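Undergrad:
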Amino acid sequence: MAKRRSHAKKSSLIIRVGLLFLFGLVGGIFVYQFLIKTPGKEQNNENENQAKKTQQPASNSQEIPQWGDQANEIARILQSAFQGCMSIPIQIFAEKDISGDGVPEAMVNNGCVGAYTEEVVLFRFSDGKPLLASFATSNGDPLPAEVFLDGASALHYEFFGMIPELRLLYQASGSASSEKCIVEWDVRAFRWDKDRQSFVSDKNIVPEIMRLDIKRFPRYFDPESGPVASPVKNCTS
């Protein structure tokens, strides 16, 4: 009887040890899978993602050149290209990115002046260096350096415009008639052509220009106050 009890106790002990071993094994697997293996995998993923990021080129890392730092070089170019003009301090009239390359072009005075106008030319950067922009006809034939005018008299108006969303610039010339009470406009437009690396003449875009910059193109003329947007009363026309 005593032997049977001893054997039963041993069997019970073996079962308990076996259960403890089984629970310990399961617990070890759980700890390895979720507390050790998973964080390590996540860390590896983070390292891989970080490596991919470092391999990607930084598109904004290149410093954009500034026109204000190019006064001496611009003056040298202008003196060579426009020898008949006066040597005057360089003035940047406008800066806008109309070529879409992330670097703004600049409209700069060239030293030539008229009775009521000042001549302005377009500069752009190429490989970090300033140069006069190239122009071409609608057929792609090269044009001389295009000159734009800025200024006004009582009956005549000259101004340029830059429209980045259309990749173009234009010259507008207005002539007013105090008798007819109207202003007639002539507009020359040039759109950037990436393949030719030039601003190409585009007559078809003129209506769109006048629509976008409508406030700059008054259609009527009041002899007392000048250009106006609405018809003039008691006009002789």
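Following this note's numbering, the numbering of the sequence shown begins with 2 at its first residue and continues without gaps. Glycine is no exception: its CB is placed at the ideal position from the N, C-alpha and C atoms. In this text, all values refer to a predicted model and were calculated from it rather than measured experimentally.
Do the segment 130-141 and the segment 151-158 make contact, defined as three or more Cβ pairs closer than 8 Å?
TA: no
Undergrad: Taking 6 Å as the line, does the beta carbon of K97 fall inside it for any heavy atom of the ligand MG?
TA: By its list of ligands, the structure shown contains no ligand whatsoever, and the ligand MG lies outside what it can speak to.
Undergrad: With distance defined between alpha-carbon atoms, name the residue in F191, K195, E159 nearest to A146.
TA: Looking at the Cα atoms, F191 is the closest of the given residues.
Undergrad: Just reading off the beta strand (DSSP E) that N111 is part of, what are its end residues?
TA: Boundaries of the beta strand (DSSP E) around N111: 106-114.
Undergrad: For Q172, name the three-state secondary structure that DSSP assigns.
TA: strand
Undergrad: Comparing C-alpha positions only, which one of E159, S179, R217 sits nearest to L150?
TA: E159
Undergrad: Check each candidate in S199, Q172, E119, D128 and name the one with the smallest Cα separation from L1.
TA: Because the chain is modelled from 2 through 238, residue 1 falls outside the range shown and cannot be assessed.
Undergrad: I need the DSSP call for S178, collapsed to helix, strand or coil.
TA: strand
Undergrad: Excluding sequence positions up to five away, which residues of its chain have a Cβ less than 6 Å from the Cβ of F94?
TA: M108, V121
Undergrad: Taking M87 as part of the beta strand (DSSP E), name the residues at either end of that continuous run.
TA: Counting along the chain, M87 falls outside any beta strand (DSSP E), and DSSP gives it neither H nor E.
Undergrad: Does DSSP classify I183 as helix, strand or coil?
TA: When DSSP states are grouped into helix, strand and coil, I183 belongs to the strand group.
Undergrad: Report back the beta-carbon spacing between S139 and S226 to the nearest angstrom; my notes put them in contact at under 8 Å.
TA: Not really, about 38 Å apart at Cβ, beyond 8 Å.
Undergrad: Under a three-way DSSP split, which group does G103 fall into?
TA: coil
Undergrad: By the DSSP assignment, the alpha helix (DSSP H) with E209 in it spans what residues?
TA: 207-213
Undergrad: Using beta-carbon positions only, say whether G162 and D214 come within less than 7 Å of one another.
TA: yes
Undergrad: Among D223, Q71, I183, I65, which has the Cα closest to the Cα of D102?
TA: I65
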